[in-house]
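Worksheet for the structure shown next.
4 protein chains.
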Amino acid sequence: MVERIGFIGLGRMGQAMASNLIGAGYALQIYNRTPDKAAALVAQGARLAPHPSQTTEPGGVVITMLSDDQALESVALGKNGFLEGLGPHGIHVSMSTISPALARRLAQHHREYQVSYVAAPVFGRPEAAAARKLWICISGHQAAKQRAHPILQAMGQGIFDFGEEPSAAHVVKLAGNFLLASAIEALAEALTLGEKNGIDRTTLADLFSKTLFACPPYQVYGEMIARNRYRPPGLTVSLGLKDLNLVLQTAATSTMPMPLASLLHDRFLTTIAKGRGDLDSAAVALGVAEDAGLLTRSVRPSISQ
Amino acid sequence: MVERIGFIGLGRMGQAMASNLIGAGYALQIYNRTPDKAAALVAQGARLAPHPSQTTEPGGVVITMLSDDQALESVALGKNGFLEGLGPHGIHVSMSTISPALARRLAQHHREYQVSYVAAPVFGRPEAAAARKLWICISGHQAAKQRAHPILQAMGQGIFDFGEEPSAAHVVKLAGNFLLASAIEALAEALTLGEKNGIDRTTLADLFSKTLFACPPYQVYGEMIARNRYRPPGLTVSLGLKDLNLVLQTAATSTMPMPLASLLHDRFLTTIAKGRGDLDSAAVALGVAEDAGLLTRSVRPSISQ
Amino acid sequence: MVERIGFIGLGRMGQAMASNLIGAGYALQIYNRTPDKAAALVAQGARLAPHPSQTTEPGGVVITMLSDDQALESVALGKNGFLEGLGPHGIHVSMSTISPALARRLAQHHREYQVSYVAAPVFGRPEAAAARKLWICISGHQAAKQRAHPILQAMGQGIFDFGEEPSAAHVVKLAGNFLLASAIEALAEALTLGEKNGIDRTTLADLFSKTLFACPPYQVYGEMIARNRYRPPGLTVSLGLKDLNLVLQTAATSTMPMPLASLLHDRFLTTIAKGRGDLDSAAVALGVAEDAGLLTRSVRPSISQ
Amino acid sequence: MVERIGFIGLGRMGQAMASNLIGAGYALQIYNRTPDKAAALVAQGARLAPHPSQTTEPGGVVITMLSDDQALESVALGKNGFLEGLGPHGIHVSMSTISPALARRLAQHHREYQVSYVAAPVFGRPEAAAARKLWICISGHQAAKQRAHPILQAMGQGIFDFGEEPSAAHVVKLAGNFLLASAIEALAEALTLGEKNGIDRTTLADLFSKTLFACPPYQVYGEMIARNRYRPPGLTVSLGLKDLNLVLQTAATSTMPMPLASLLHDRFLTTIAKGRGDLDSAAVALGVAEDAGLLTRSVRPSISQ
């Protein structure tokens, strides 16, 4: 018999992941706040639910892939939320990038309904999601993780287990996003140093991406920054700042400073203040260039629109 | 006929590189301030010169691989320096990590002797040097670079050309070292955030080194920081600070701020202030942990009185 | 006829301020969560109310002087809050250090009850409060500010008007606290630079406090930092961090970076991580000294292993 | 008999100080690289010397008030320098803002000529110098300081003694300049936070300068920043950066980080990169405003000229 899964959140990531689940033989009951995003999946055989509560059945599995804490709280705890219907033996596989604090609060809440919370955030862009190449970090109760395992395998190329604490995998996801943002700032300063010394940005980015840092973040961001091309955005500056805020809040809750995260926070904030919030996060490099006196006056208006 | 090359500077890097040149069929005349380092190369057939000036012949090639600006200035311009003997049509292949400012000054000076300055700093640890796996960045006059090319190929796996400006390749080298130090700080903050949230440092480092950042710097530094093992040092904190000072001086000369480099400078400086200058650069992570209230529990009372 | 005033919040500041109001001839109905703090004021003639709601009468004036946002929300909006009883033509004079965001929310809420919100935070320590030497920043509706004016004059030596926007005076208060924390960090770095160069900390602090910076913050903090005496605390590190968080939240809401505030935030956070949260805010100087390798000589070996 | 004093360096500060010495009855032999600055003092009775060496006589006193290390080295150690002529029992009263490292080097050098080095840098603007209101920090050999004392009294309103180490008073001067630059950054962030929240910059600066920070730096810089008026410059951004570089070099030599000084260094550097190096140091506030998205596009060109 085919296992039914509820899937909530059909952005670019969610659609690709849900599609792979259907391809792996799961029956999906899907929900999105704006239902037009569901069309392709419905054509693949998914059933569109009118409310989060109707994606699920008692003891079933619900996956969430939403944009932020508020969206997840709303579908889990709001009116017509999925939690009550899921009930005893149900599992919530929580794959969004959210605050560890919310994960802890939700896990507590879930226990009242005897639902298990499995944290399972992912690394990878929409293309990686489509290719079943996501890296998935998990944490939560052992039995629930085991039940989720084959489902997660249908979406990713590797699963990393961070123990029983429900918030742990979310902390890992934030740490990873922080590393990515750090690489952007480092590349931006390095390429600007090169440019100020007459070195071609593209050649320099190319060197690093083929030698020391032959890994996708440096390759992708190096190219974007070298060419000053920040559209279409992967993760926008505004969403990048949201993540950095979660990083800093988590650090503050843990009573530790993260000076590099603070520096990134300030850099992302000023990028938004200059009107560039909807470009790719790598666009923070424009500020690095401006602080160096580059980007002549005539270029600036077209950039900052 | 076998081409003769002068090779000055026989630290761990220099010895490996010189050995590969001998292996490739070059006749080497070598020099080191402390001659005992030359023994193995002499056994391979190199001739030990008593002074830098005697490593060379008119119109020949001299390679330098020294620890800092002062050492290079001394063998090039000091008493018994190699420059005068090299003379017209000679080439100086300058492979050390030095300041772009010194490169410019030397290049100017070389012109008076009709010697060409070829900047050729390298990326790679001693093991990479031994395996002919260095990445080499070059800049300088076209004809001189061409003549140096086969010699450099005997030492590295790839050569990247940054044009005619003699300082350019040195700026590239500094930019690369800055990226490496940035990765250390980022990893240290990320792993400490994990630890403060109950996540095993080794598992976390392992995740990043197998997924997002599957490249040597994150793999090597991630492992060192996760395990807090900083001996034997690759590049010590003290030498790392030296490089960061060159980065910041070059940035200042270029009239640009590098806030992340400033942060790293302060981090490296405090690591030295705490008596850890001879550990590997990754040991700056100890300060990240201390600032988070880790590592110091037993000693805190006596500190905070 | 004597005007009756409700006064809520009897910490060290509140007690001194309330006492001056009694001295100026006002009849006070006071409230504090822990009533034992009210004894001295009751002896002066104040009436102790069992609930915030009973400090007030229709159309009257209520003053709040509480420790944080939560405390103010509780007495204003919670069960038995003062707001409902105050009603049409009532005035709430809000003197605590709170977030501008809460001020806006409260002001909106007040309008539903036809109560005017007057922001009136103060600068000054408890001794200044006792001496009627507070500086008071106000904002809110003109008529309400006029009515509050004589009451405020009984507590301070100067009133500065920042217009009609209810949150404005609270932003001013946060800006002032940020300036104070900045002076602490600056003094700590300056005195440590002196100490590392053999200069007596006390002589150096004394110079600045008599010449360039002959004003109380530099005099008071300079002395504390020079002598490393951080008890009894004026504003603790923990409360100082609370204020810096409000500063950074307000800046983020305003879409602007405050890199110096970020630096201070990190400094205060690490001071708490090291177990010093209940010392005076000036104790962040201990971390400056430690980062310079001072204070820790005897314990270093056990830390760095 | 009237004591003769050599006085070298006739910028705005030097002229005012020399004039006061003449007024106090000293006979001055003056020198400046560009002799036209000497006219007014010659009219007062000073004798213009053609070389530094001719400002002095054996066992006499020479005062220097120059713009930087290079200028001082040149008049002390260069051709026709004053040092040789000064000879045994001579005193060099060194009042410029210079690096502690140069002070140590000069003091060593002076000993070979049996000349005493007295460090005596000053706090105060040209107007304060004219009014004999300078604050003077001294260090050096006790006997030499005693001999210099009445001379210094003729120029300042207070003398602070920092012991025997020749570099000490110079460190103090740098620490003071660092405090001043810190106050600028703090004010700039505070006033910008106000502006972003609808608060008038001038009212806000006025509040601080009359209450918490009723001392000249906050009064003068607060007014400049509030009004965005940075001409005529007191200390330019370029000279301010020179001082911050001395601060950071001294800190590095002392093996200590100064994160606030690093932040200021980066701020000053970007101000210069944007073409504002010849404005008053307080103009770094323009960058704070720009990072907040203020200073609309149309205003920017006229500012950055």
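Chains as they are written, first to last, in my numbering: chain A, 1 to 305; chain B, 1 to 305; chain C, 1 to 305; chain D, 1 to 305. A virtual CB, placed ideally from N, CA and C, is assigned to each residue, including glycine. Since we're looking at a predicted model, the values are computed, not measured.
Item                                                                                                                                                                                  : Value
Determine, using beta carbons only, whether V122/C and G156/C come nearer to each other than 8 Å.                                                                                     : yes
How is the alpha helix (DSSP H) around A107/D delimited, first residue to last?                                                                                                       : P100 to E112
For N32/B, which residues in the same chain have their Cβ closer than 7 Å to its Cβ, ignoring the five residues on either side in sequence?                                           : G9, L10 and A38
Please classify K196/C: is it buried, with 16 or more other beta-carbons within 10 angstroms of its beta-carbon, or exposed?                                                          : buried
Just to confirm before moving on: does the CB-CB distance between L77/C and H110/C stay below 8 Å?                                                                                    : no
Decide if the segment 268 to 278 of chain C is in contact with the segment 161 to 180 of chain C; the criterion is three or more beta carbon pairs, one per stretch, under 8 Å apart. : no
Could you tell me which chain C residues have their CB closer than 9 Å to the CB of G293/B, listed as they occur along the chain?                                                     : T270, I272, A273, K274 and G275
Where are the beta strand (DSSP E) runs, 3 residues long or more, that stay fully inside the segment 16 to 47 of chain A, in chain order?                                             : 27 to 31
G23/C and P58/C: beta carbons closer than 8 Å?                                                                                                                                        : no
Note down, in chain order, every chain D residue with its Cβ under 7 Å from the Cβ of P58/C.                                                                                          : Under the 7 Å cutoff, chain D gives no residues; its nearest Cβ is about 32 Å from P58/C.
Short of 7 Å Cβ to Cβ, which residues in the segment 55 to 88 of chain C face chain A?                                                                                                : none
Just checking, does the segment 254 to 265 of chain B make contact with the segment 179 to 195 of chain A on the three C-beta pairs under 8 Å criterion?                              : yes
Between which two residues does the alpha helix (DSSP H) carrying G176/B extend?                                                                                                      : A168 to K196
Interface residues of chain A around S182/C at Cβ under 8 Å?                                                                                                                          : Going along chain A, no residue has its Cβ under 8 Å from S182/C, so there is no contact; the nearest lies around 15 Å.
Quick one: residues in its chain with C-beta nearer than 7 Å to the C-beta of P323/A, no 5 flanking neighbours on either side, listed in chain order?                                 : Examination of residue 323/A is not possible in this model, given that chain A is present from 1 through 305 alone.
Rounded to whole angstroms, what is the Cα-Cα separation between R12/B and G287/B?                                                                                                    : 29 Å
What residues from chain D crowd round T236/B, counting only those whose CB sits closer than 7 Å?                                                                                     : By Cβ distance, chain D contributes nothing, its closest Cβ being about 15 Å from T236/B, past 7 Å.
So S262/B and S182/A are supposed to be a Cβ contact under 8 Å. How far apart are they, rounded?                                                                                      : About 15 Å; that fails the 8 Å criterion.
How about S281/B: is its C-beta nearer than 8 Å to some C-beta of chain A?                                                                                                            : no
Is the CB of D266/A under 8 Å away from at least one CB in chain C?                                                                                                                   : yes
If contact means a Cβ-Cβ distance below 7 Å, which residues of the segment 238 to 261 of chain D contact chain B?                                                                     : A252, T255, M256, P257 and P259
Using a beta-carbon distance below 8 Å, is K133/C in contact with chain D?                                                                                                            : no
If we cut at 8 Å on Cβ distances, does I303/B have a partner in chain D?                                                                                                              : The predicted model places I303/B with a pLDDT of 34, which falls under 50 and marks its position as unreliable; any figure quoted below should be read in that light. Cβ-Cβ to chain D under 8 Å: no for I303/B.
On the DSSP bridge list, what partners appear for T64/C?                                                                                                                              : I8/C and S94/C
How should T34/B be labelled, buried or exposed, when 16 other C-beta atoms within 10 angstroms of its C-beta is the threshold for buried?                                            : exposed
How would you call K145/A, buried or exposed, if buried means at least 16 neighbouring beta carbons within 10 angstroms?                                                              : buried
DSSP beta-bridge partners for Y117/B?                                                                                                                                                 : H92/B
Touch check for the segment 126 to 139 of chain A and the segment 200 to 211 of chain A: three-plus C-beta pairs under 8 Å?                                                           : no
Is the beta carbon of V61/D sitting closer than 8 Å to the one on G25/D?                                                                                                              : no
Could you pull out every residue in the same chain whose Cβ sits closer than 6 Å to the Cβ of I136/C, ignoring the five residues on either side in sequence?                          : A120, V122, L152, G156 and I159
Please name the residue, chosen from R276/B, D243/B and A148/B, that lies closest to S94/B on a Cα-to-Cα basis.                                                                       : A148/B
Less than 8 Å between the C-beta atoms of L279/A and V220/A, yes or no?                                                                                                               : no
Under 8 Å between the Cβ atoms of A143/C and M224/C?                                                                                                                                  : no
Please decide whether P121/B counts as near chain A, where near means a Cβ-Cβ distance under 8 Å.                                                                                     : no
Which runs of the alpha helix (DSSP H), 4 residues or longer, sit entirely within the segment 118 to 163 of chain D?                                                                  : 126 to 130 and 142 to 153
Is Q114/B buried or exposed, if buried means 16 or more other CB atoms sit within 10 Å of its CB?                                                                                     : exposed
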